[in-house]
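Visitor:
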Ligand code: SF4
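In my numbering, the protein residues as written are 147 to 238.
1. How many angstroms separate the CA atom of residue 193 from the CA atom of residue 156?
2. What do you get for residue 171, buried or exposed, if any count of 16 or more other CB atoms within 10 angstroms of its CB means buried?
3. Look at the alpha carbon of residue 201 and the alpha carbon of residue 188, and state the distance between them as a whole number of angstroms.
4. Tell whether a beta-carbon distance below 8 Å holds between residue 176 and residue 164.
5. Do residue 206 and residue 224 have their beta-carbon atoms positioned less than 8 Å apart in this structure?
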């Protein structure tokens, strides 16, 4: 939830809330949460065409959300492909 509360987040924190631990038992809700469905990373054309797609962990969904992008977009701090292709020509 913390990542969705950054000013630039495009996600509502409600998308990632299953309950309130101060008011109710949340173990069942957590067990039933569709983690893979809601936080699936790599749903973008760059990852789809990447040779490392099947082996790549694709970074952190929370970092992507906190950076103002949608889940599924590339974690720009972790992806070596994007870092290489966007690196300035002088190598700095
Ligand atoms: S290396 Fe980058 S582009 Fe390739 S699958 Fe991983 S996150 Fe996607």
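A virtual CB, placed ideally from N, CA and C, is assigned to each residue, including glycine. This one's a predicted model, so the numbers in the text were calculated from it and none came from an experiment.
Guide: On the basis of the supplied data:
1. 21 Å
2. exposed
3. 11 Å
4. yes
5. yes
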